[in-house]
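Residue numbers (this note's numbering), protein chains in the order written: chain A, 144 to 940; chain B, 44 to 387. Just so it is clear, CB atoms sit at the ideal spot from N, CA and C, and this is done for glycine as well.
What follows is the structure in structure tokens.
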């Protein structure tokens, strides 16, 4: 919210510069985004009186002027402006002047003639027509009055102020006003806020002679104040008013409209002015919209209304949306004779619902949403009348319409000085608290430890002791808060189970050379389609955002694979030769979710890797080792995933449940993700890891007797899985087979094509004695027979 | 004394030969020739039978003395030879220790995880438990129990993604406060790191998905000075001893009083620089005393218990800590970026 410093100063003395003021305000609860010093935009621009104008010999549109800029000699300025007249006073940017946009004026030569400065138009000085009416961008700005040449133009043009951009906190709608910040400023800098006495001349009259106002839905319109101005003289506003509006970023229109805007900025009350002659039958009705009612708003759009929206209507139809936007037919024009000022309060939530539903937000609606105080509506309406009187813009009828059936009850808070101090960790006396709160315009009684406080009506945010403690603290000063350590009984803190697993997985994979990535949790539905999953696959049931930023980020992930492939693709596109990546994040189970309930969020690990040395086996071993490191033994089986290579896909199962899938990317899927290098991916269910994790509880004693080792080379068909044979060996070798490893796999001559020779090393051990050949030989025989019978794997001769 | 002379010659010749020996086979050959079963000395011992009995013991002694001497010499030489051989073998195996090998030494966690880990270790050491909450959250927990009713303007600050009317992607980790208060009894000390979501377009300083960490303490007699003390420890542990905190008044619906917390700019140590826009301070977190309304809504007696809460942005801290100026780097996953991080 932009507020001109001079406006604040007209109510509160600020005995410091803008920077110091800004810091003080920030430290006591009113945020400041920045300060704009208007005079820094326009420097060294003065009033110049044009003495002579002669044509430029080498130009058909430029002229050469001698200009009195208050120095001993006039300066020569060449200009191409169309409105250069001897005797006029215009703004002159002297050599060395600065103009908005960082433009610096230097001595120049225009078609052979020296020029020592520039005569300026309004726009060149950042002065719009409505601030200082002249000819706009059609030529030089010509001053309306005579000034001494050489006078700085900033104050004449109303651009000599510092504009403070306040950032008002959500709980302080009362500060969305000049009075609000001026009040805060007074408490902050230790001066006082002088609100103007609101008095003005009136003429006798009756509201009912001019207008009939009916507020039908007082629940949505707690207060409605109307005042009449007759014999209105529409005209331009005076300079001080235009300047104040300009500084606040508001365009000047005419005196009546400007008054409504000025009062809104000053008091925080959005005001509306009706041309009463255009209100049908002089009858204004504040009511809910009818079903199927529509309205054409000022922006020319027809909008469908619903019965939970509040309308300002005449006898036939809605003419405006209460608190949001007025109607076109009753707008103030040059010919307006009688004006009705409206200062009302509307239900915050209702205004919000209306603006959301219509997609229509205005300055007024923004203020009503944040809260406009009903108790001060009358004051705002009166302030508008006072300005009418001051500007001599019409006659104010002494009668007032004021519908305020249920005034907000007075809030009375009992608070304990000791409790407040205990909460904020300070030792502020009751007297000081009383003083601070009193300066905040609260009525305060102090009895021993008890503060009894009645906040001012505009402070609807102050409801309880906690609120008072903040008021006391922020005025006393946050910088005095001490720094102490927590006391009390504590145990050492720790991570929850899932986070412990996440941490361990991360450290394990980092040690294996993998880098962690973080992707968005929402993806494009197209990237799921690219996986070619079966239609009935649960992962195709996607939780969709109602209001995504775009289609690319519109559904919650049911698998981490598409994001991983996106990152792999990015790395390949950037010519990174090798990448080994992992991500840990939840996937969102929409398939099993019921409407109105939350989805299961299943913590999941994804791995993606490509480049030299990366193959299926590398990733498989990493995943198996990872699971083993959690004490989880897995079985590996051939798997099927549509997005993976049909011959290079594995599922790992633990206790019969699938815990991981590992595989090389299917070429079709690689292509659709623009992946060119062979890529291996894996997805692991970390929730299962968490559940199945086993801690090491007992160590086994070391063997007392030596082991017997036998090698076994078996020839088998290529399609026979070594894992299957290993399983057969393990199960038939029980109980004396203590370990079996594959130490060589051989293909090629003299083996038959389509076969391989696999060499196993078997270790036998009995915990109670040394094994002899007589113990081992029969077991070897059984193993070989079993391999032959169930896997057609025969002894290599 | 023919035999004595013979022994002397054998001994002398052996000594000469042994001196020339450079490998083990050579040594073995001599050993065999002199000491072997058919060796010279063995032969001499055997031929002692020809001597008169009275000379035999002496001759035996002499032969054995020579034998022992030679054996010792040869053993010594053997050790020497073996050592020399090993030295040569080791020399043959000299490698160029600077020769590069293609393999990855280590990877790393993501910088956001590294920062999270640091925060977690700082706060767990102060007795905070680490908890998590759902990312897809009920409006009740994300807003209402935090004193942000429906149609409250405070919701504007957080552009929310909706799944259904009452289901949102959490806009803040603060919802975990409510979960925790409803599930645990005071004293409570928790932190909750996690992903949050807001409808912001991606640019150098915004992302629709980002990370926060929430902290909550509920106990008897917890003061705002305790909050400041706790955050001071956090700031010093993370950024160094010369970093302090500055509290500024602020507003959050779920705390009262509330504070915006600045830290001494770590780039300029508070002198004022480009990073802190000349102020010497960097806004890092929001905090405050838990609003009694929130305590009551979450079933905690606000006349007995109070506490504080704080929330900070992990990205912001990571960016300050590592000097990252574009947030997008954190999410695109380029290995050239990721490989610059180390666990410490």
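Q) Does residue 667/A come within less than 7 Å of chain B when only Cβ atoms are used? A) If you number the first chain from 1, residue 667/A lands on position 524. Residue 667/A does not count as touching chain B.
**Message:** Does any residue of chain A have a CB that is nearer than 7 Å to the CB of residue 268/B?
**Reply:** In the second chain, the residue the question calls residue 268/B occupies position 225. So, interface residue.
| 3-residue-minimum beta strand (DSSP E) runs that sit fully inside the region 388-451 of chain A, ordered along the chain | 414-418, 426-431, 437-439, 445-447
- Item | Runs of alpha helix (DSSP H) lying entirely within the region 451-533 of chain A, each at least 4 residues, in chain order | 491-501, 506-513
Notebook entry, point to check: Looking only at DSSP bridge pairs, what is residue 298/B linked to?
Noted result: Within the second chain, numbered from 1, the residue matching residue 298/B stands at position 255. In DSSP, residue 298/B forms a bridge with 295/B, 333/B.
* Considering only C-alpha positions, which residue in the set 766/A, 726/A, 754/A, 765/A is nearest to residue 747/A? -> Counted from its first residue, the first chain places residue 747/A at position 604. The shortest Cα separation from residue 747/A among 766/A, 726/A, 754/A, 765/A belongs to 726/A.
Local Cβ density within 10 Å of residue 40/B, reported as buried at 16 or more and exposed below that: In this structure chain B extends from 44 to 387, so residue 40/B is not present and cannot be described.
Practice prompt. Would you verify that the beta carbon of residue 566/A is, or is not, closer than 7 Å to some beta carbon of chain B?
Written response: In the first chain, the residue the question calls residue 566/A occupies position 423. So yes, residue 566/A belongs to the interface.
Report the three-state DSSP secondary structure of residue 646/A (helix, strand or coil).
Position 503 of the first chain, counting from 1, holds the residue named residue 646/A. Residue 646/A: helix per DSSP, three-state reduction.
### Task
Under the assumption that residue 64/B contacts residue 120/B (Cβ atoms under 8 Å), give the Cβ distance between them as a whole number of angstroms.
Walking along the second chain from the start, residue 64/B turns up at place 21. Walking along the second chain from the start, residue 120/B turns up at place 77. About 6 Å separates the two Cβ atoms, so the contact holds.
Give me the chain B residues within the contact set of residue 722/A, using Cβ-Cβ distance strictly less than 8 Å, ordered along the chain.
Position 579 of the first chain, counted from the start, is the residue given in the question as residue 722/A. 378, listed in chain order.
- [ ] Examine the ligand ADP and report whether any of its heavy atoms sits within less than 6 Å of the Cβ of residue 720/A.
- [x] For the ligand ADP, the structure offers nothing, since it holds no ligand at all.
Note to self: In whole angstroms, give me the CA-to-CA distance for residue 903/A and residue 889/A.
What the structure shows: In the first chain, the residue the question calls residue 903/A occupies position 760. In the first chain, the residue the question calls residue 889/A occupies position 746. Taking the straight line joining both Cα atoms gives about 12 Å.
- Query: Can you name, in chain order, every residue of its own chain whose Cβ lies under 8 Å from the Cβ of residue 91/B, other than the five neighbours on each side?
  - Reply: In the second chain, residue 91/B corresponds to position 48, counting from 1. Here the set comprises 99, 102, 103, 106.
> Can a CB atom of chain A be found closer than 7 Å to the CB of residue 171/B?
Replying inline: Working through the second chain from its first residue, we reach residue 171/B at position 128. Closer than 7 Å: yes.
- Residues that residue 332/B contacts on chain A, provided the C-beta gap is smaller than 9 Å: Stepping through the second chain from its first residue, residue 332/B is reached at position 289. 566, 567, 609, 612, 613, listed in chain order.
Distance cutoff 7 Å, beta carbons only. Does residue 167/B sit that close to anything in chain A? Within the second chain, numbered from 1, the residue matching residue 167/B stands at position 124. Yes, because at least one Cβ of chain A sits closer than 7 Å to the Cβ of residue 167/B.
Q: Could you check if residue 152/B is buried or exposed, using at least 16 other CB atoms within 10 Å of its CB as the buried criterion?
A: Taking the second chain and counting its residues from 1, one reaches residue 152/B at position 109. So residue 152/B counts as buried.
* Asked: Does the beta carbon of residue 659/A sit closer than 7 Å to a beta carbon anywhere in chain B?
  -> Numbered from 1 along the first chain, position 516 holds the residue referred to as residue 659/A. Chain B contact via Cβ: present.
In whole angstroms, what is the alpha-carbon distance linking residue 77/B and residue 71/B? Locating residue 77/B in the second chain gives position 34, counting from the first residue. Locating residue 71/B in the second chain gives position 28, counting from the first residue. Cα to Cα, residue 77/B sits roughly 10 Å from residue 71/B.
* To do: Return yes when the Cβ of residue 640/A is within less than 7 Å of the Cβ of residue 833/A, no when it is not.
  => As a first step, residue 833/A is located in the first chain; it is residue number 690 there, counting from the start. As a first step, residue 640/A is located in the first chain; it is residue number 497 there, counting from the start. Cβ distance < 7 Å, so residue 833/A and residue 640/A count as in contact.
In chain B, what lies closer than 8 Å to residue 744/A by C-beta? One-based indexing of the first chain puts residue 744/A at position 601. Per Cβ cutoff of 8 Å: 177, 178, 179.
Discussion item. For a test of the three-state rule: what should DSSP assign to residue 841/A, helix, strand or coil?
Written reply: Within the first chain, the letter at position 698 stands for residue 841/A. Note: residue 841/A maps to coil in three-state DSSP.
Where residue 900/A and residue 882/A are concerned, what is the direct C-alpha to C-alpha distance, given to the nearest angstrom?
Counting from 1 along the first chain, the entry for residue 900/A is found at position 757. Counting from 1 along the first chain, the entry for residue 882/A is found at position 739. Rounded to the nearest angstrom, the two C-alpha atoms are 20 Å apart.
query: Hey, how far is the Cα of residue 864/A from the Cα of residue 238/B?
result: Working through the first chain from its first residue, we reach residue 864/A at position 721. Working through the second chain from its first residue, we reach residue 238/B at position 195. Cα to Cα, residue 864/A sits roughly 43 Å from residue 238/B.
- Among 352/B, 277/B, 58/B, which one has its Cα closest to the Cα of residue 160/B? Looking up residue 160/B in the second chain gives position 117. It is 277/B whose Cα lies nearest to the Cα of residue 160/B.
Extent of the continuous alpha helix (DSSP H) run through residue 710/A = Indexing the first chain from 1 puts residue 710/A at position 567. Element bounds for residue 710/A: 704-716.
Which stretch, first to last residue, makes up the beta strand (DSSP E) that contains residue 235/B?
The residue labelled residue 235/B in the question sits at position 192 within the second chain. 231-240 is the span of the beta strand (DSSP E), which, as asked, contains residue 235/B.
**Asked** What's the call for residue 327/A, buried or exposed, on a 16-neighbour Cβ count within 10 Å?
**Response** In the first chain, the residue the question calls residue 327/A occupies position 184. Residue 327/A comes out buried.
task: State the start and end residues of the unbroken beta strand (DSSP E) segment that holds residue 178/A.
output: Here residue 178/A refers to the residue found at position 35 when the first chain is read from its first residue. Unbroken beta strand (DSSP E) run through residue 178/A: 174-180.
Check: What's the gap between the Cα of residue 697/A and the Cα of residue 242/B?
Finding: On the first chain, residue 697/A is found 554 positions in, with the first residue counted as 1. On the second chain, residue 242/B is found 199 positions in, with the first residue counted as 1. Near 11 Å, if we compare the C-alpha coordinates of residue 242/B and residue 697/A.
In three-state DSSP terms, what is residue 373/B? Sequence index remark: in the second chain, residue 373/B carries index 330 (1-based). Residue 373/B: helix per DSSP, three-state reduction.
Report buried or exposed for residue 874/A, applying the criterion of at least 16 other Cβ atoms within 10 angstroms of its Cβ.
-> The residue given as residue 874/A occupies position 731 in the first chain. Its Cβ having fewer than 16 others within 10 Å, residue 874/A is exposed.
- Check distances from the C-beta atoms of the region 290-303 of chain B to those of chain A and list, in chain order, the residues that come in under 8 Å. 290, 291, 292, 293, 294, 296, 299, 300, 301, 302
| said: Any beta carbon from chain A within less than 7 Å of residue 375/B's own beta carbon? | reply: For the purposes of this step, residue 375/B is taken as the residue at position 332 of the second chain. Yes - at least one Cβ of chain A is within 7 Å of the one on residue 375/B.
- Task: List the DSSP bridge partners of residue 310/A.
- Result: To locate residue 310/A, count along the first chain from 1; it is residue 167. DSSP lists 174/A as partners of residue 310/A.
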